[in-house]
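In terms of the working numbering, the sequence shown opens at residue 1149 and continues consecutively.
No residue lacks a Cβ here, since even glycine has one placed at the ideal position from N, Cα and C.
Everything numeric in this text was worked out from a predicted model, so none of it was measured.
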Amino acid sequence: MKLAGKLIAALLVALALGVGSAWWIVDGGLGRLGFGAAAQNGAWHTNLAIGSPAADPYTRAAVARQGLLALSKSETVYFTAFSDDSGAALKTNCAYVISGGKLPARWWSITAYGADHYLIPNRADKYSAAMNTVTWTNERFLFTVGPEEESESAQGDFVPTGYEGGSGASFSLTLRLYNPEPEVAAAPQNLTLPTITKERCR
């Protein structure tokens, strides 16, 4: 009986460790798509295994968890940012200016997601900015992401973070490059991607 009890306890511990480590990889590591064939570029990072037949089960699980459509890298390359250019975590109580130049893709968009990987509810029902909605000046664009109260003083197009008070919640930005140029998949770490600059916090 004692031996059977020890075996059951060992199996339960092994099961807990297995489930826990898988959840950590999917929700913590791969949930940020920074595991596997990853590339870092400033605040942005990508995993080129997304949408690829070579994607392992953990990558596939993370893609499903984050809700990406996961097209092949010849159709779309995804970059995600959880921090600004200074390395500070993105928070819904802060306003950020996103700026950059022409990106090597036929079309692009940047979408804000909550910590649960879902679109952030807001009164304006606006969740993203795209190459045809941002303000362009001298071949450079900019737009602002932040609390709805910041919309009147915001620079360019505005994407609300759904801030409801307090110290704010974490959120992320996902940049999608549709029909990207070959250089995007070949050397994503060498691209000039949009900057994320914190302006102020409430």
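If you count every other CB in all the chains shown that lies within 10 Å of the CB of Arg1324, and 16 or more means buried, which is it?
Sixteen is the threshold: when 16 or more other Cβ atoms of the shown chains lie within 10 Å of the Cβ of Arg1324, as they do, the residue is buried.
Can you tell me whether Trp1256 is buried or exposed, with buried defined as 16 or more other CB within 10 angstroms of its CB?
Residue environment: Trp1256 is assigned as buried (16 or more neighbouring CB atoms within 10 Å of its CB, all protein chains considered).
The alpha helix (DSSP H) enclosing Ala1334, as first and last residue numbers:
Per DSSP, Ala1334 belongs to the alpha helix (DSSP H) from 1330-1334.
How about the stretch 1338-1349 and the stretch 1279-1287: do they share at least three Cβ pairs that are nearer than 8 Å?
No, they do not touch.
7 Å Cβ cutoff met for Leu1321 and Ile1258
Contact: yes.
Under the rule that 16 or more other beta-carbon atoms within 10 Å means buried, what is Pro1336, buried or exposed?
For Pro1336, the number of other beta carbons within 10 angstroms of its own is at least 16, and it is reported as buried.
Using beta-carbon positions only, say whether Ala1272 and Pro1295 come within less than 7 Å of one another.
Not closer than 7 Å, so no.
So, using beta-carbon positions, are Ile1268 and Ala1260 closer together than 7 Å?
Yes, these two residues count as a Cβ contact at 7 Å.
May I ask you to report which of helix, strand or coil DSSP gives Asn1338?
Correct three-state label for Asn1338: helix.
In the structure shown, what three-state DSSP assignment does Ser1222 receive?
Reduced to three states, the DSSP call for Ser1222 is coil.
So for Ser1315, helix, strand or coil by DSSP?
In the structure shown, Ser1315 sits in coil (DSSP, three-state: anything other than H, G, I, E or B).
Taking 6 Å as the cut-off, is the CB of Tyr1266 close to at least one heavy atom of the ligand HEM?
Because no ligand of any kind appears in the structure shown, any question about the ligand HEM cannot be addressed here.
Any idea what DSSP makes of Ser1299, helix, strand or coil?
In the structure shown, Ser1299 sits in a helix (DSSP, three-state: H, G or I).
Count the CB pairs spanning the stretch 1221-1231 and the stretch 1186-1197 that are closer than 8 Å, and state whether there are at least three.
Touching, yes, given that three or more Cβ pairs across the two stretches are closer than 8 Å.
Check this for me: beta carbons of Leu1290 and Ser1247, under 7 Å apart or not?
In this structure, Ser1247 lies closer than 7 Å to Leu1290 by Cβ.
State the beta-bridge partners of Leu1290 as determined by DSSP.
According to DSSP, which records beta bridges pairwise, Leu1290 is partnered with Ser1247, Thr1283.
Own chain, CB closer than 7 Å to Gly1235, minus 5 neighbours either side, in chain order
The answer is none, since no qualifying residue turns up.
Helix, strand or coil for Lys1239, going by three-state DSSP, please let me know.
Here DSSP, grouped into helix, strand and coil, assigns Lys1239 to strand.
Within 10 Å of its beta-carbon, does Pro1330 have 16 or more other beta-carbons around it, so buried, or fewer, so exposed?
If you draw a 10 Å sphere on the C-beta of Pro1330, you find fewer than 16 other C-beta atoms in it, and that means exposed.
Can you check whether the CB of Thr1240 is closer than 7 Å to the CB of Tyr1326?
Their beta carbons are not under 7 Å apart, which means Tyr1326 does not touch Thr1240 by this criterion.
Distance between Pro1328 and His1265 (C-alpha atoms, nearest Å)
Distance between the alpha carbons of His1265 and Pro1328: 24 Å.
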